[in-house]
Amino acid sequence: MSDDTPPTSPSPRAASLPPSEGDAGEDVFEDALPDIGLLPAIGEDLACLGGSLAALAGEPRPAGVDAGADYELHDEYDQLDLGELLLLQTDLKQEVERVLARLLTPRRVLLRDKVTFVLGTLSLVVGAFFLGHSPQTFYRVYTVEGICMLALRFFHYRWSRQHYYLLDWCYLANAMLMLHIWVYPTNQLLAKVTFAHAFGPLLWSVLAFRNSIVFHSLDKMTSHFMHLYPACVCWTLRWHTAGPLADSLKEDPAAAASWAAGGFKALVLFPVAPYLLWSVLYYLKIFVISSRKIEAKNYETLFKYSTQSRGSLFGAVVLRAPQRLQPLVYMLLHLALTLGTLLLNQLWWASYAANTAFLAFIFAASSWSGATYYFDYFAHRYAASVGLARRRTGSAAATPRSAAATPAVSEALSGGGAGSGAGSGKKQR
């Protein structure tokens, strides 16, 4: 599911760039390598940012205290002015945003997106190599990449007031998989529960949320990773069982038979238990405990995102209910869809061909979404969105006013760059 990214106003230094040297028909996007000349300027701005933070955080010593002498902070508590402290925090935030805006000039955004593209490509290549050459060790790739990507997403979402997304089920499902592979690797039931959710709600979410392979966007690649890679890990655990789990199955023939059989309870019924526990806690947190805070501070949540339009499935169903019942209807619909995705797990567990074909189909769908993004949206909007209008022969092409905005600071921190929308220029979750 997706939402339109609101237009942003260009920063003073990021509105446009002067024409580059060369022929009149030269295109700024023809540079194959990053502009290394930008690095000293970036270093100067980072030094400026550090100086600003130090200046804002610094506090003059009380009069009469020698510069080299120590003094106790508790002696100054009675002089604490909360008004000045709050003003300092406001000034600090404004200074950070101002310096970050200076860092996010069009050429620097372009350089960052090129670097992200290379890293995104390498990530997919490394994952494919281990999945084919050494599937028994693929979980290590998942662990390393998962920690890095989800840590960056946490800081970005916290900064951009989207941190309530981190309470969604997909994050907990990834945490359960980590728990299985690193803490309880021989627990058959936990292995089947994680398999059920990886090939159930997580993998189907690639279609529902139109997750796409967009190499220059850290935000998109993270969404793609957290919904697709758990299924890849569970595929290796099911069909290329190794390590402590394989040893335990060899030692216990009854356990080996139970593992091969799968079972309706283990793959459909038992996986509902952790989901129901999460749904109750999620409802209490989002719609009861923090509801006023979310509304007062206008925090984003998946409920708002999914029900903002009647054109979506959730919007069409939930918005028909009375307003006070909409959260409950939303959670019930979420439960129904989750149960629906779990019903096919016995087939995925029993058939290697069906399981592999389903995984390949979802990967192909995400590739198609990425291709649609690049050719239907990116090719027409990216240059304008970073403030780099293509120059035509004999004259500079004018940038449309509606598309001339450069990325906002919060958008840039997502790693999605100027073109971090989903699908046809829209945002992914």
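Be aware that the sequence shown starts at 1, since it is given in the UniProt record's numbering, and climbs by one per residue.
Glycine is no exception: its CB is placed at the ideal position from the N, C-alpha and C atoms.
No experiment lies behind these values; they were computed from the predicted model shown.
query, result
"What do you reckon, are the CB atoms on residue 303 and residue 330 nearer than 8 Å?", "yes"
"CB-CB under 8 Å to residue 349, same chain, minus the five flanking residues each way: which ones, in chain order?", "192, 195, 238, 262, 267, 355"
"Whose CA, out of 368, 231, 323, lies closest to the CA of residue 174?", "231"
"Once the 5 residues before and after residue 135 are set aside, which same chain residues still bring their CB inside 6 Å of it?", "236, 240"
"In three-state DSSP terms, what is residue 320?", "coil"
"Which term fits residue 211, buried or exposed, when burial requires 16 or more other beta carbons within 10 angstroms of its beta carbon?", "buried"
"Would you call residue 323 buried or exposed, if buried means 16 or more other Cβ atoms sit within 10 Å of its Cβ?", "exposed"
"Please classify residue 101: is it buried, with 16 or more other beta-carbons within 10 angstroms of its beta-carbon, or exposed?", "buried"
"Who are the near neighbours of residue 369 in its chain, counting only those whose CB is closer than 6 Å to its CB and skipping five residues on each side?", "210, 212"
"Kindly confirm or deny that the region 168-183 and the region 304-316 touch, where touching means at least three C-beta pairs closer than 8 Å.", "no"
"Locate the alpha helix (DSSP H) running through residue 306, then write down its first and last residues.", "302-306"
"Leaving out five residues on either side along the sequence, give the residues of the same chain with a beta carbon under 7 Å from the beta carbon of residue 188.", "255, 258, 259"
"Tell me whether the region 139-156 and the region 223-230 touch, counting them as touching only if at least three CB pairs, one residue from each stretch, are closer than 8 Å.", "yes"
"Is the beta carbon of residue 373 closer than 8 Å to that of residue 118?", "no"
"Taking only three categories from DSSP, how would you classify residue 158?", "helix"
"Which one of 151, 246, 162 has the shortest CA to CA distance from residue 186?", "246"
"Kindly indicate the opening and closing residues of the alpha helix (DSSP H) around residue 210.", "Element bounds for residue 210: n/a, residue is neither H nor E."
"Given residue 164, which residues of its chain have a CB within under 6 Å of its CB, disregarding the five upstream and five downstream residues?", "299, 301"
"Which same chain residues, not among the five before or five after residue 367, have their C-beta less than 7 Å away from its C-beta?", "213"
"Below 8 Å CB to CB, which residues in the same chain sit around residue 244 once its five sequence neighbours on both sides are set aside?", "185, 186"
"Locate the alpha helix (DSSP H) running through residue 258, then write down its first and last residues.", "253-261"
"Just to confirm before moving on: does the CB-CB distance between residue 190 and residue 116 stay below 8 Å?", "no"
"Report the rounded CA-to-CA distance for residue 222 versus residue 363, giving the unit in angstroms.", "14 Å"
"What would DSSP say about residue 310, mapped onto helix, strand or coil?", "coil"
"Under 8 Å, do residue 132 and residue 345 count as touching if we go by C-beta distance?", "no"
"Is it buried or exposed, residue 113, if we count other Cβ atoms within 10 angstroms and call 16 or more buried?", "buried"
"In three-state DSSP terms, what is residue 26?", "With a pLDDT of 39 at residue 26, under the threshold of 50, the predicted position of this residue should be treated as unreliable, though the coordinate-derived value follows. Here residue 26 sits in coil by DSSP."
"Determine the direct distance from the alpha carbon of residue 159 to that of residue 181, and round the result to whole angstroms.", "31 Å"
"Return the first residue and the last residue of the alpha helix (DSSP H) that residue 174 is part of.", "169-182"
"Which same chain residues, not among the five before or five after residue 326, have their C-beta less than 6 Å away from its C-beta?", "318"
"So the candidates are 336, 294, 157; which of them puts its Cα closest to the Cα of residue 314?", "336"
"Roughly how many angstroms lie between the CA atoms of residue 138 and residue 216, to the nearest whole one?", "24 Å"
"Which first and last residues belong to the alpha helix (DSSP H) in which residue 189 is found?", "188-197"
"If you check the beta carbons only, do residue 225 and residue 146 fall under 8 Å apart?", "yes"
"Using a threshold of 8 Å, state whether the C-beta atoms of residue 342 and residue 271 are closer than that.", "yes"
"So, under 8 Å CB-CB, residue 365 and residue 124 are touching, yes? Tell me the CB distance rounded to an integer number of Å.", "Incorrect: roughly 15 Å between the Cβ atoms, too far for contact."
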